[in-house]
Amino acid sequence: MGYTLLWVLLWSNAMAILVQYLSAKLGIATGYTLPQNCRREFPPKVNFGLWVAAELAAVATDLAEFLGAVLGFYLLFHIPLLAAALVTELPCS
Numbered sequence: 174m175g176y177t178l179l180w181v182l183l184w185s186n187a188m189a190i191l192v193q194y195l196s197a198k199l200g201i202a203t204g205y206t207l208p209q210n211c212r213r214e215f216p217p218k219v220n221f222g223l224w225v226a227a228e229l230a231a232v233a234t235d236l237a238e239f240l241g242a243v244l245g246f247y248l249l250f251h252i253p254l255l256a257a258a259l260v261t262e263l264p265c266s
């Protein structure tokens with residue numbers, strides 16, 4: 174079970190690459206982006222569902238990046254998780 178999470182990560186990255194590749198091919202062939210093509214081809218209710226799914230995917234990606242940074246600070250500097258979260262939350266200016 175030790176490498177299960179790594180396989181999930183590998184396949185999720187592979188699927189993201191495939192979706193980006195196919196989206197680029199669609200854009201080259203039609204001259205429209207993926208959201209523009211969806212808006213043209215699907216009814217409004219389906220488009221709303223696609224929008225919700227895209228927003229949830231964006232939130233999940235941001236959460237994974239945040240948690241990865243928190244765990245990185247925790248493992249590298251041996252600071253408590255709450256302090257690592259606060260450091261991660263600080264804006265870089």
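Under the numbering used here, read the sequence shown as residues 174 to 266, first letter to last.
Ideal Cβ positions, reconstructed from N, Cα and C, are used throughout, including at glycine.
Proximal residues to residue i (C-beta, below 7 Å), its chain only, five neighbours per side dropped
i: S196; result: L207
Nearest-angstrom Cα separation, counted from residue j out to residue i
i: Y247; j: E262; result: 14 Å
i: L223; j: L240; result: 26 Å
i: T234; j: A227; result: 11 Å
i: L255; j: I190; result: 33 Å
i: E214; j: P264; result: 40 Å
i: K218; j: I201; result: 27 Å
i: H251; j: V192; result: 38 Å
Proximity of residue i and residue j at Cβ, strictly below 8 Å
i: A257; j: V243; result: yes
i: L199; j: N186; result: no
Cβ shell of residue i (< 8 Å), same chain only, five flanking positions each side left out
i: R212; result: N220
Near the ligand PLP: residue i beta-carbon under 7 Å from a heavy atom
i: A258; result: Here there are no bound small molecules, and the ligand PLP is not part of this structure.
Option nearest residue i by Cα separation, candidates the options
i: E238; options: M188, L182, F250 and Q193; result: L182
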